[in-house]
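Per the numbering used here, the sequence shown starts with residue 77, numbered consecutively.
To start, the structure itself, in structure tokens.
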Amino acid sequence: ELAEGTFEVLSTSGDNRLGGDDWDNEIVKWLIDLIKKDYKIDVTNNKMAMARLKAAAEKAKIDLSSSQQATIMLPFLVMQQGSEPISVEATLRRSQFEEMTSHLVERCRKPIETALADAKIKISDLDDVILVGG
């Protein structure tokens, strides 16, 4: 509730086991599967490669908040035995991202319903929502 420049919090709710990392991890899984399919390599035991996948996933998630697609470029991600280094380039569309994370969005539903019920308001009463956390 906003009145005379002061915010009054009517209700809060959330899932402290759900955050931005969950969305990042879905992109990481997608990239791991893509690399397995395209290069026949499992990078899950390569700490350096996994750190780079995680950073690239977070960047892609942020990019997708304002673009319809994100290009993920990971030059020299891993060395394939007896071969050249493997560089990965992939394009993730926002629609793909929304589909792969729909179960996470669904997990947000219950806390939202709880917050609305606790505040004794309906969705139609809301003008804005402030999300906090990771």
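Beta carbons are placed, not taken as given, at the ideal position from N, Cα and C, and that holds for glycine.
Minimum C-alpha distance to residue i - residue among the options
i, options, result
"W106", "V85, S87, Q144, L129", "L129"
"Q144", "S163, A132, L168", "L168"
"E165", "S159, G158, M176, P151", "P151"
"G90", "D201, I111, I162, D194", "D194"
"E182", "L94, S141, I111", "L94"
"N97", "T190, T82, E134", "Just to set this straight, residue 97 is Asp in the shown sequence, not Asn. Minimum Cα distance to D97 is reached at E134."
"S73", "W99, I117, D139", "Lying outside 77 to 210, the shown extent of the chain, residue 73 is not represented and no answer is given."
"S141", "L207, F83, L202, R170", "R170"
"I213", "V208, M124, E189", "In this structure the chain extends from 77 to 210, so residue 213 is not present and cannot be described."
N-terminal and C-terminal residue of the beta strand (DSSP E) that residue i is part of
i, result
"S142", "Counting along the chain, S142 falls outside any beta strand (DSSP E), and DSSP gives it neither H nor E."
"E165", "161-169"
CB-CB length for residue i against residue j, believed under 8 Å
i, j, result
"Y115", "Q156", "7 Å"
"I103", "A136", "6 Å"
"R122", "V85", "One point to set straight first is that residue 122 is Asn, not Arg, in the sequence displayed. Going by Cβ atoms, the distance from N122 to V85 rounds to 45 Å, so no, they are not a contact pair."
"A127", "I148", "Actually they do not touch by this definition, with Cβ atoms about 14 Å apart."
Sequence-distant residues of the same chain with beta carbon closer than 8 Å to residue i, five excluded per side
i, result
"P187", "S89, G90, D91"
"L180", "L94, D98, W99, E102"
"I108", "D118, V119, T120, L129"
"D184", "It is Cys, not Asp, that sits at residue 184 in the sequence shown. So the list reads D91, L94, once near-sequence residues are dropped."
Limits of the alpha helix (DSSP H) - the one that residue i falls within
i, result
"K196", "No alpha helix (DSSP H) holds K196; DSSP gives it neither H nor E."
"G90", "Unbroken run through G90: none, as it is neither H nor E."
"K113", "96-115"
Nonlocal neighbours in the same chain, by C-beta distance under 7 Å from residue i, ignoring five residues either side
i, result
"D139", "A146"
"I111", "I117, V119, V164"
Chain-order list of residues whose beta-carbon lies under 6 Å from that of residue i (same chain, five-residue window excluded)
i, result
"S87", "A191, D194, A195"
"T177", "W99, E102"
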